[in-house]
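Going down the list, the protein sequences come from chains A and B. 33 is the number that this note's numbering gives to position 33 of the first sequence; each next residue is one higher, with no gaps. 632 is the number that this note's numbering gives to position 343 of the second sequence; each next residue is one higher, with no gaps. Just below is one structure, and these are the notes that go with it.
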Amino acid sequence: MTKRQSGTRANGAVRRRVLGIAADGALILYFVFALFPVVWMVILSLKPANELFSTYFSFTPTLDSYRTVLGAGQDEGVPFVRFFLNSLVVSLGAVGLSLVIGLPAAYAAARWRFRGSENLMFTLLSFRFAPELTVIIPLFVLYQQLGLFDTYVGMIWVLQLVTLPLIVWIMRSYFADLSPELEQAALLDGYTRKQAFFRVALPLVKPGIAAVSLLAFIFAWNNFVFPLILTSSEAQTVTVGALSFLGGDRPKYNLTAAAALVSVIPPLILALTIQRYLVRGLSFGAVKS
Amino acid sequence: MTGTTGSASIALRGVHKSYGRDTALDGLELTVAEGEFFCLLGPSGAGKTTTLKTVAGLAEPDSGAVELDGRDMTGVEPYDRGVAMCFESYALYPHRSAYDNLASPLRSPKYRLPAAEARVKVHETAELLGIEGLLERPVGALSNGQRQRVALGRVLVRPARAFLLDEPLSHLDAKLRQAMRAELKAIGDVRRTTTLYVTHDSVEALALGDRIGVISDGRIVQTGTREDIWHRPYDTFVARAFGRPLVNLLPGTVTADGHFASAEGGFELPVDVPAAPGTAVQLGVRPRDIALGGEGGALELAGTVYVTEVLGRAVEVTVRLAGGRQLSLVAPRAAAAGLRVDDPVRLSVRLENLLLFEADRPERPGRRITP
């Protein structure tokens with residue numbers, strides 16, 4: 001009796017152990033699957049040009065690709081640094097403009113119902129779920145005729161389709177979660193409505209602003225279709241620019257990989273610096289305190 | 290634009306306000322004289338807070354008008370009305386310290402004081418409310434009672450034409466509430482300034498109000514001094530709103546000779562009811578107006594003791610009358626000593642303490658029948 005009991009207990013322990021190992025194995029497999037492309041990119045970016053197609057994992061690592069991409073090595077005719085700066089200007093500009101327009105809009109949408117307010121909000125949202133490709137041809141023609149093609153202004157403008165709905169919709173729920181009595185108290189304290197917004201409402205949604213700005217920046221930074229069609233060289237961004245290395249007589253995968261990895265840096269740095277706000281910010285809007 | 294100094298009278302004239310399908314104010318009429326301390330009493334959902342917000346300009350009436358000092362306030366922004374309001378939710382700025390909350394009005398374009406003067410004023414106010422030691426703390430680190438006092442301080446710190454106070458003592462513990470209630474009216478600014486004070490606590494209303502208004506379903510049922518409200522309640526709703534234990538209401542009918550007969554036929558009282566024979570009425574008498582034992586010149590009732598409950602120096606006795614109705618009364622402890630359950634007792638009520646009401650109807654409480 002005792003023996004059998006201890007036997008089943010031992011069996012149970014073994015089973016749990018086996019299951020544990022199986023789960024670990026499955027997780028490791030998944031990580032390999034998910035992370036291998038990144039590893040492959042890093043490997044590619046470190047390969048010298050002559051070993052690009054002849055080796056897998058053993059090669060003489062070199063930082064030449066990075067030097068070339070950043071403009072220090074031999075010139076490949078691709079102004080990647082400019083693309084990088086373009087991306088920064090265009091993404092930051094798009095997020096900045098969206099904040100300036102979107103924060104008051106989100107506040108108004110959260111606090112007041114006015115004629116057509118719901119339709120307006122839905123129209124904004126529809127920019128997000130309509131594929132960009134549906135409007136890209138007319139936009140291309142318009143941009144050509146208005147002189148916005150391949151300009152910063154044009155890119156920042158068109159990226160509002162990406163960043164503005166995001167900022168308005170997320171910030172609206174942040175403002176809605178704030179008690180309107182806070183601003184009412186400010187009005188009675190002798191502040192104007194504008195001051196109540198800037199001094200009371202806005203500081204209280206700072207975590208939300210940080211979180212949504214980061215998300216909007218990432219979406220703007222990663223956008224591919226708009227710069228592909230609406231820029232050629234002056235305002236071209238990294239997402240499209242990185243592909244320039246694939247043109248020419250033979251594709252330079254090592255340079256593309258290095259360019260892609262370099263272009264990951266700004267969103268990564270931003271995410272890490274405002275991580276503190278991010279966790280709080282993303283949950284703050286959803287959960288009632 | 291109106292001036293923002295000097296106490297102002299308040300008037301609401303036929304104010305209607307609804308939120309979607311819910312009617313908050315249904316033709317509310319109310320006037321508060323300059324310098325008066327007016328208590329608005331009513332159950333939750335009666336429209337008390339909406340009344341205050343309408344006066345403050347935070348809610349716009351659908352129809353009707355709000356007047357300050359006789360001037361129509363339609364279209365006047367809250368910051369131009371010069372009134373101060375204490376919110377039931379406190380509405381303190383959560384990202385600032387208690388000091389900054391108190392100082393907020395004194396930094397606004399409307400009531401700005403030089404920083405040094407503002408500091409003196411904030412400390413004075415904090416001292417008045419016993420929150421001087423808490424000034425540096427963030428609002429989040431304060432208890433509800435402390436927050437409520439900070440909220441009250443933010444109202445008192447600045448000059449105002451009227452104070453609108455929404456249950457400003459409701460979250461204090463019992464002892465502090467009693468102390469603050471006594472102190473509140475002694476505060477000079479409160480004494481001088483028109484105050485509209487909202488509460489659901491009848492004791493507070495009776496203790497504080499120069500005049501009292503009872504509100505129900507967005508309408509004022511009755512306004513008057515505490516004597517008016519207590520001795521001449523407009524209807525059974527007002528009578529029930531004041532006094533604990535609750536007023537006794539005995540249903541009955543008017544007899545052929547104009548007397549009161551209890552509904553169950555248990556007893557008849559020789560009071561003259563100014564109503565047609567057969568009318569359904571209610572006899573109201575407050576527990577503290579009933580004495581144990583018969584006294585000359587008073588109405589008498591007989592019953593048996595049902596329950597006794599000691600309330601300190603007094604005893605609440607519940608008596609079962611003939612016919613089964615129960616009546617509660619409050620008697621001094623000495624008079625009630627030795628009462629046992631089922632003991633027969635005689636009760637007496639002075640004629641002037643009797644209240645007569647129509648029977649309650651589904652659509653409205655029974656009104657008082659005035660002789």
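Beta carbons are placed, not taken as given, at the ideal position from N, Cα and C, and that holds for glycine.
Per the coordinates, the alpha-carbon of G353(B) lies some 16 Å from the alpha-carbon of V321(B). For R128(A), the three-state secondary structure derived from DSSP is helix. At a cut-off of 8 Å, the C-beta of H460(B) has no neighbouring C-beta in chain A. Between V168(A) and L124(A), the CB-CB gap stays under 8 Å.
In the structure shown, Q571(B) falls within a strand segment according to DSSP collapsed to helix, strand and coil. I274(A) and S244(A) have their C-alpha atoms some 32 Å from each other. As for any alpha helix (DSSP H) of minimum length 4 sitting wholly inside the stretch 89–161 of chain A, the runs are 117–129 and 133–146, ordered along the chain. Boundaries for L215(A): no beta strand (DSSP E) harbours it, while the alpha helix (DSSP H) harbouring it runs K206 to N222, taken from the DSSP string.
Under DSSP, the beta-bridge partners assigned to D315(B) are H305(B). Note that the C-beta distance between R426(B) and A387(B) is below 8 Å.
Remark: three or more beta-carbon pairs, one from each stretch, lie closer than 8 Å, so the stretch 225–232 of chain A and the stretch 123–140 of chain A are flagged as touching.
Around A530(B), the same chain offers L330, S491 and V503 as residues with beta carbons nearer than 7 Å, after the five sequence neighbours per side are excluded. Contact between S298(B) and T483(B) holds: CB atoms are separated by about 6 Å, below the 8 Å threshold. The three-state reading of DSSP puts Q511(B) in strand, counting E and B together. Assignment of D524(B) by DSSP, reduced to helix, strand and coil, places it in the strand class. Under the rule that a run must span 4 or more residues, the alpha helix (DSSP H) segments found entirely inside the stretch 323–361 of chain B read 337–345.
DSSP, read as helix, strand or coil, puts E605(B) in strand. Excluding five sequence positions before and after V200(A), the CB atoms of its chain that fall closer than 6 Å to its own CB belong to L182, E183 and A186, given in chain order. Comparing C-alpha distances from L441(B) to each of R450(B), A451(B), P457(B) and G429(B) shows the shortest one belongs to P457(B).
Per DSSP, the unbroken beta strand (DSSP E) holding E589(B) starts and ends at L588 to V599. Interface flag for Y308(B) against chain A is unset, since no Cβ pair is found closer than 8 Å.
Relative to F83(A), the option among G248(A), F224(A) and I269(A) whose CA is nearest is F224(A). A211(A) is not a Cβ neighbour of Y107(A), given a cutoff of 8 Å. Using a Cβ-Cβ distance cut-off of 8 Å, the stretch 458–472 of chain B and the stretch 503–512 of chain B are not in contact, since fewer than three pairs of beta carbons, one from each stretch, lie closer than that value. In this structure, G336(B) places its C-beta atom within 8 Å of the C-beta atom of L317(B). Nearest to Y66(A) by C-alpha distance, out of A34(A), R15(A), A257(A) and A220(A), is A257(A). Within the same chain, Cβ atoms closer than 7 Å to the Cβ of L418(B) are found at R438, L441 and G442, the five residues on either side in sequence being excluded. Under the DSSP assignment, T484(B) falls in the beta strand (DSSP E) whose first and last residues are T483 to T488.
Among the bridge pairs identified by DSSP, R657(B) is matched with F646(B). Annotation: P104(A) to L204(A) spans about 14 Å, alpha carbon to alpha carbon. A Cβ-Cβ separation of about 7 Å places V238(A) in contact with A259(A) under the 8 Å criterion.
Assigned with DSSP and collapsed to three states, I274(A) falls in coil, not helix or strand.
Identification of chain A residues near L644(B) by a Cβ-Cβ cut-off of 7 Å yields none; the smallest Cβ-Cβ distance measures about 40 Å. Between the stretch 168–178 of chain A and the stretch 54–63 of chain A there are fewer than three inter-stretch CB-CB distances shorter than 8 Å, so the stretches are not counted as touching. Within chain B, the residues whose beta carbon sits less than 7 Å from that of T192(A) are Y368, listed in sequence order. The beta-carbon separation of V606(B) and S617(B), rounded to 7 Å, stays under the 8 Å limit for a contact.
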